[in-house]
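In the working numbering, the protein residues as written are 1 to 47.
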């Protein structure tokens with residue numbers, strides 16, 4: 001699974017929450033993944 005697939009699936013699972021909450025959670029997850037990638041981990045390890 002790629003980062004984009006993960007975030008897409010997460011967004012689907014979070015449906016029902018307010019859009020602002022969903023956006024914040026997706027931003028946080030994206031930031032975590034990007035930081036982990038910069039530290040040398042690969043996408044499959046992170047996801």
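By construction, the Cβ of each residue, glycine as well, lies at the ideal position given by its N, Cα and C atoms.
These numbers come from a predicted model, not from an experiment.
Residue interval of the alpha helix (DSSP H) (run including residue i)
{"i": "residue 33", "result": "19-38"}
{"i": "residue 14", "result": "Per DSSP, residue 14 belongs to no alpha helix (DSSP H) and is neither H nor E."}
C-alpha gap between residue i and residue j, whole angstroms
{"i": "residue 46", "j": "residue 19", "result": "25 Å"}
{"i": "residue 34", "j": "residue 13", "result": "21 Å"}
{"i": "residue 36", "j": "residue 27", "result": "14 Å"}
{"i": "residue 22", "j": "residue 38", "result": "24 Å"}
{"i": "residue 41", "j": "residue 32", "result": "12 Å"}
Helix, strand or coil at residue i [DSSP, three-state]
{"i": "residue 46", "result": "helix"}
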